[in-house]
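Below: one structure, written as structure tokens.
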Amino acid sequence: LREDDSIKAIVLRVNSPGGSATASEVILREILLTRKEKPVVVSMGNMAASGGYWIAAGANQIFAEENSITGSIGVFGLLSNIQEIANNNGVTWDVVKTGRFADIGSNVRPKTEEELAIYQKSVSKTYDLFLRKIAKYRNLPKNKVHEIAQGRIWSGKEAVKIGLVDRIGGLEAAIAHAAEEAELGKD
């Protein structure tokens with residue numbers, strides 16, 4: 004879409020509870036590159052939270068319905084351990100590794116305190132990155148973003164008040180704004 008000159012603006016409909024920070028970052032990168040060529044307007048559906056908000060923050064304008072669930076600026080990690088259930092069913096493992104943390108991603112044993120600290124550091128680093136991105140793209144102080152973040156969700160109406168959303172409106176309002184930004188007139 005960025006490279007197609009016949010497309011003058013993009014309206015991205017975001018209806019997502021989030022997901023991978025890495026995937027969100029890839030999409031955000033494309034939005035930021037596209038913004039250099041043409042307007043990108045986000046229209047939030049029922050939900051644009053976590054990774055959905057991560058990508059929305061890079062748009063020129065964000066529209067949300069009054070009841071759109073937005074925000075959820077937070078990061079968590081899940082660590083599974085199937086050792087007990089596997090052992091109870093006769094499944095065991097032998098491990099050979101070349102370094103102390105070579106099997107840190109294993110889900111067949113409990114994590115050590117050192118490993119948990121590594122995971123926590125990674126989650127904290129990703130959360131800090133999320134805060135910095137929102138602060139930058141929404142033009143808010145990082146400490147203000149931290150106050151409204153922490154995984155909390157906001158209605159679209161409240162999100163406008165705290166600076167996470169620009170305008171209340173649906174898909175049609177976002178399209179009209181994109182056409183205006185692209186100077187399409189009545190086309």
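Just so we're aligned, residue 4 is where the sequence shown starts under the numbering used here, counting upward by one. Quick reminder that beta carbons are idealized off the backbone N, C-alpha and C, glycines included. Just so we're clear, the structure is a prediction, and the values are computed from it rather than from any experiment.
By the neighbour-count criterion, in which a residue is buried when 16 or more other Cβ atoms sit within 10 angstroms of its Cβ, Glu68 is buried.
In this structure, the straight-line span from the alpha carbon of Pro42 to that of Trp157 is close to 25 angstroms.
Here the alpha carbons of Pro144 and Lys11 stand approximately 32 angstroms from one another. Taking 8 angstroms as the cut-off, the Cβ atoms of Arg5 and Leu36 count as close. When DSSP assignments are scanned along the segment 30 to 82, the uninterrupted stretches of beta strand (DSSP E) that are 3 or more residues long and fall wholly within it turn out to be 43 to 52, 64 to 67, 72 to 74. About 6 angstroms separates the Cβ atoms of Lys136 and Ala60, confirming a contact at the 8 angstroms cut-off. Within the same chain, Val17, Ser27, Ile30, Leu31, Ile34 come within 7 angstroms of Ile58 by CB-CB distance, once the 5 residues on both sides are set aside. Bridge partners of Arg16 according to DSSP: Ser46.
Asp97 has its alpha-carbon roughly 54 angstroms from the corresponding atom of Phe66. Judged by DSSP in its simplified three-state form, Ser109 adopts coil rather than helix or strand.
Close CB contacts of Gln86 within its chain, under the 6 angstroms cut and outside five residues either way in sequence, are with Val111, Arg112 (chain order). Shown here for Ile165: same chain residues with a beta carbon closer than 6 angstroms to its own, the five before and five after excluded, namely Ile151 in chain order.
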